[in-house]
Ligand SMILES: [Zn+2]
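Residue numbers (my numbering): 149 to 404.
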């Protein structure tokens, strides 16, 4: 189990992270390359990202942008902007491919193809990985370790503390067995701290929640961690960059 060493007087580490998927979100697993869905992806690059970067700048916040390399190849300028403004680039697949739907060779090829784009376009090699769809194939953890990532942020065995992910051996009729834990540090994600299920309409997913209710959920989880989890972490994901509308600019994060 990893333990954070926070600066004196600080109780919880907060990452208002962004999964900047843009058009790749609609390619990788949704398979919706139509002009309408590409326009939704264009919105993220043209409108959502400038808004969220302006908000972060106004509050002096630096964050992590888990960005598929397809997004970098399609919208390099806005990616250069977040790099120049001191944010971290995280690996998030090439075209937001769903790792459970591809073989090991393809998963590895796309991982390396993305590394090439990050280097060629942004001169960066990410040290953090977040899997598209927050899903893992049986090969993903091995590939994350082999690729030299220092941390992963895709899994959910804890909520408010970092940990080392287990390799579970799944046995349908005998009970599962925990295998050796990874050396990779896991910064856990949570669908409750993601704006996509709550806000995005996809046809199959209703989204469109009341933003007051979304903000209350985010505050409730933060408040619990702040009060009850020593040296905790609170990692959000704003894949559609629409959560910015639920985040009032005057909210006074405790302990900031
Ligand atoms: Zn994503």
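Ideal placement from N, C-alpha and C gives every residue a C-beta, glycine not left out. These figures come from a predicted structure and were not determined experimentally.
If you keep only unbroken alpha helix (DSSP H) runs of at least 4 residues inside the segment 208-292, you get 217-222, 224-232 and 252-270.
Taking non-hydrogen atoms of ligand 1 into account, the C-beta of residue 218 is found less than 7 Å away from none of them. Within the chosen limit of 7 Å, ligand 1 reaches the beta carbon of residue 173 through at least one heavy atom. The beta carbon of residue 222 is closer than 7 Å to those of 170 and 171 in its chain, skipping five residues each way along the sequence. A straight line joining the alpha-carbon of residue 230 with that of residue 305 spans about 30 Å. For the pair residue 187 and residue 246, the Cα-to-Cα distance works out to about 21 Å. If you compare the alpha carbons of 308, 321, 352 and 287 with that of residue 372, the shortest gap goes to 308.
Within the segment 155-201, the beta strand (DSSP E) runs of at least 3 residues that lie entirely inside it are, in chain order, 160-167.
Residue 175 counts as buried, since at least 16 other C-beta atoms from the protein chains shown sit within 10 angstroms of its C-beta. Residue 348 is classed as buried because its beta carbon has at least 16 other beta carbons within 10 Å across all chains shown. Secondary structure note for residue 315: it is in no alpha helix (DSSP H), and the uninterrupted beta strand (DSSP E) holding it is 314-317. The C-beta separation of residue 284 from residue 274 comes to about 17 Å, leaving the pair out of contact by the 8 Å criterion. With fewer than 16 other Cβ atoms from the protein chains shown falling within 10 Å of its own Cβ, residue 157 counts as exposed.
Cα atoms of residue 155 and residue 207: separation of roughly 19 Å, rounded to the nearest angstrom. Taking the Cβ of residue 336 as the reference point, every heavy atom of ligand 1 lies at 7 Å or farther away. In this structure residue 334 is in contact with residue 303, their Cβ atoms being roughly 5 Å apart against a cut-off of 8 Å.
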